[in-house]
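Everything below concerns the one structure shown next.
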Amino acid sequence: MNISIAVGGSRGVVELWDDAPRSVHALLESLPITAELRHCRWSGDACFADVEEGPLAELDGSEVSVISIYPGTVVVRVAEEAAPSAELLVGYGDAEHRWPTGPKLVALLGEITDGRKEIFDELRKTAVAGPVTMRLSREAAE
Amino acid sequence: MPKRLRIEIGDGHVAEAAVHDAAAPALADLLWRALPIDGTLRHVRWSGEAAYVLVDALRDSNADPENAMSIYRPGAIILRPEHGELAFAYGQAQARDHMSRGAAGCHLATVDTGLESYLEEIARTRRSGAQPLRLRAA
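From first to last, the protein sequence lines are chains A and B. At the far end of the first sequence sits residue 142, using my numbering, and the numbering has no gaps. At the far end of the second sequence sits residue 1138, using my numbering, and the numbering has no gaps.
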């Protein structure tokens, strides 16, 4: 299944994977999502958005399985006591999910398949220009 | 008398730092010879709550380690000569990159004048993007 992604003025498609079905279901139940996407401080070439409520914010950690965030990969870091908001993360280069205390597992949701270059450029720009708006939706992604 | 560094960020915010030239004589000298420095201050991507500037004149892949620091304190200015990188910590930060989760840099200077607003200006690079940076001898 595919969903639409828009970052700044660039649009693309995210192909959802089946590695973490409950997490993907929670993402679909949370759409549409409009959020401020900021550059990561600890994790490298990736951006993140806080998700403070809804099914994604209520996920448990049973499907977290990776720390690498490959270019175009969309992952979720589930909420926990130390960080009560979940985070959606999107990679555009070398990235690994890290906290000050070390690596941190995340759950795989999918990968940007269309519009990668333009969206990567938008993500990369946040390191210099500051946050950008991301919208995830079901609109015209098939 | 220790060297002092004048730091100007953005539209003219000024702070000063004491350079640790006794603890890091070779790298403090490298910094002094590189002045004046005009660059772009950007938020780090791997190292936490800090911003950085890349300066070709500070790049030295053969430099010996001096006054090594891995965990950065707010107000610390750290040189990683292998990258020609000066880092300016405003919160919890560490020398890290895509290969390592705990390297070290040279604790080259510490901001001691105008610290509170300096930390706010450095932190602003996270939400507002890059800022012009000017370094001079004070």
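For glycine and all other residues, C-beta sits at the position ideal for the given N, C-alpha and C. Just so you know, these numbers come straight off a predicted model, no measurement behind them.
Using the Cα positions of residue i and residue j, report the straight-line distance between them to the nearest angstrom.
i: His97/A; j: Glu1049/B; result: 16 Å
i: Val90/A; j: Val76/A; result: 9 Å
i: Leu992/B; j: Phe1088/B; result: This structure cannot speak to residue 992/B, because chain B is shown only from 1001 to 1138.
i: Ala1109/B; j: Val1019/B; result: 4 Å
i: Ser10/A; j: Thr34/A; result: 14 Å
i: Val1044/B; j: Gln1092/B; result: 12 Å
i: Thr1040/B; j: Ser1117/B; result: 19 Å
i: Pro131/A; j: Thr113/A; result: 23 Å
i: Ser137/A; j: Leu1058/B; result: 47 Å
i: Arg1042/B; j: Asp19/A; result: 35 Å
i: Pro1132/B; j: Glu122/A; result: 21 Å
i: Trp42/A; j: Met1001/B; result: 37 Å
i: Gly1084/B; j: Glu80/A; result: 38 Å
i: Ser1070/B; j: Ala1103/B; result: 6 Å
Starting from residue i and walking both ways along the beta strand (DSSP E), at which residues does that stretch end?
i: Val75/A; result: 73 to 77
i: Ala49/A; result: 44 to 51
Could you give the C-beta distance for residue i and residue j, rounded to a whole number, given that I count them as a contact under 8 Å?
i: Gly110/A; j: Leu16/A; result: 4 Å
i: Ser85/A; j: Val51/A; result: 6 Å
i: Asp1046/B; j: Arg1096/B; result: The amino acid occupying residue 1046/B in the given sequence is Trp; Asp does not appear at that position. Right, their Cβ atoms sit about 5 Å apart.
i: Ala1063/B; j: Pro1036/B; result: No, Ala1063/B and Pro1036/B are not in contact; Cβ-Cβ is about 21 Å, not under 8 Å.
On a CA-only basis, which of the options is nearest residue i? Give me that one, please.
i: Ala1024/B; options: Arg1059/B, Asp1038/B, His1043/B, Pro1065/B; result: Pro1065/B
i: Val104/A; options: Asp19/A, His39/A, Val66/A, Cys47/A; result: First, the amino acid is wrong: residue 104/A is Lys here, not Val. Selected option, being the one with the closest Cα: Val66/A.
i: Thr1113/B; options: Ile1122/B, Ala1034/B, Ala1017/B, Asp1021/B; result: Ala1017/B
i: Val128/A; options: Leu31/A, Asp114/A, Cys47/A; result: Cys47/A
i: Ala49/A; options: Phe120/A, Val24/A, Leu31/A, Leu37/A; result: Leu37/A
i: Leu1079/B; options: Gly1012/B, Arg1127/B, Ala1022/B, Leu1030/B; result: Leu1030/B
i: Ala1022/B; options: Thr1125/B, Glu1008/B, Asp1011/B, Lys1003/B; result: Lys1003/B
i: Ala95/A; options: Leu56/A, Gly115/A, Phe120/A, Ala83/A; result: Phe120/A
Are residue i and residue j close, meaning C-beta to C-beta below 9 Å?
i: Leu1119/B; j: Gly1075/B; result: yes
i: Ala1015/B; j: Leu1115/B; result: yes
i: Glu87/A; j: Ser4/A; result: no
i: Met134/A; j: Val7/A; result: yes
i: Cys1106/B; j: Ala1068/B; result: yes
i: Pro21/A; j: Glu58/A; result: no
i: Gly44/A; j: Ile69/A; result: yes
i: His25/A; j: Thr126/A; result: no
i: Leu31/A; j: Thr73/A; result: no
i: Arg1124/B; j: Gly1010/B; result: yes
I'd like the span of the alpha helix (DSSP H) that includes residue i, first residue to last.
i: Glu1121/B; result: 1115 to 1128
i: Val1055/B; result: First-last for Val1055/B: undefined, no H or E at that position.
i: Asp1021/B; result: Unbroken run through Asp1021/B: none, as it is neither H nor E.
i: Val128/A; result: 116 to 129
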